[in-house]
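First comes the structure, then the notes that go with it.
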Amino acid sequence: MNKILPLAERFLVIALIIGFLLKISGNDAPFLINISLAGLGIVFFLNIYLPIHSKAEENEQPDENKLNGLNELLSKYIVPKVIWIGSAVATVGLLLYNLQLGNNGYLRLLYMGGSTIVIAVVVMLILRIIGTKYTEASTPALIRALPTLMIVGYIVFA
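With the first letter of the sequence shown counted as 1, position 40 gets the number 49 in the numbering used here; the numbers rise by one all the way through.
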């Protein structure tokens, strides 16, 4: 699963970009966008179950590798997984928005996913300010969450 998920994510992002380019050019292919968003939501959710590796682990002795307190537990395990969950929920909300089902049910998912990402980012910034180790463990999740958050903000507030 460590090798399949990154490949699936790349494939789905490329398919999503192609779908948006087709939509902009007038050759609408909604199935491509919908399948890509659904697949990305699944990939983001499955990323929760991948082990988290950080650079600090590789340079330390086994005795120093233990977590010391709640801050390190938050920065290494909890916050990155919460960001992945928020990204998955927001991506499913984007899928429902794109499907145009005739109701506003997608707004609940967008609000929940977006607010989860914002709260997790604020907690991670606080942990980085106070100098907690392992804050770089959330970087892969943040790279996916921030563009999702910008799209969610555009849909909700525009």
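Virtual Cβ for every residue (Gly too), placed ideally from N, Cα, C. Because the structure is a prediction, the values reported are computed rather than measured.
Does DSSP put residue i in a helix, in a strand, or in coil?
i       : result
Asn-43  : helix
Ala-129 : helix
Met-10  : coil
Asn-113 : coil
Lys-142 : coil
Gly-48  : helix
Leu-59  : coil
Asn-36  : coil
Ala-167 : coil
Among the candidates the options, whose CA atom is the shortest distance from the CA of residue i?
i       : options                               : result
Leu-158 : Val-52, Ile-92 and Phe-20             : Ile-92
Ile-94  : Leu-110, Leu-83, Gly-114 and Ala-129  : Ala-129
Leu-8   : Gly-48, Ile-13, Leu-31 and Thr-100    : This structure does not reach residue 8, given that the chain is present from 10 up to 167, and the question cannot be answered.
Gln-109 : Asn-80, Asn-43, Asn-11 and Gly-122    : Asn-43
Ile-51  : Thr-141, Thr-100 and Gly-114          : Thr-100
Thr-125 : Thr-148, Ala-97, Asn-36 and Leu-82    : Ala-97
Ser-45  : Ile-152, His-62 and Ala-17            : Ala-17
Leu-21  : Ile-33, Ile-61 and Leu-49             : Leu-49
Leu-151 : Leu-116, Tyr-163, Leu-25 and Val-131  : Val-131
Val-127 : Val-161, Asn-11 and Gly-140           : Val-161
Gly-78  : Gly-123, Leu-136 and Leu-155          : Leu-136
Phe-54  : Lys-142, Ala-154 and Ala-167          : Ala-154
Thr-141 : Ala-24, Leu-116, Asn-107 and Glu-81   : Glu-81
Val-88  : Tyr-106, Ile-61, Pro-15 and Leu-118   : Ile-61
Ala-167 : Pro-149, Met-133, Ser-147 and Leu-116 : Leu-116
Leu-105 : Pro-39, Glu-145, Leu-134 and Ala-146  : Pro-39
Ile-23  : Tyr-143, Leu-41, Gly-114 and Ile-57   : Leu-41
Starting from residue i, follow the alpha helix (DSSP H) in both directions and report where the run begins and ends.
i      : result
Ser-96 : 88-108
Leu-82 : 79-82
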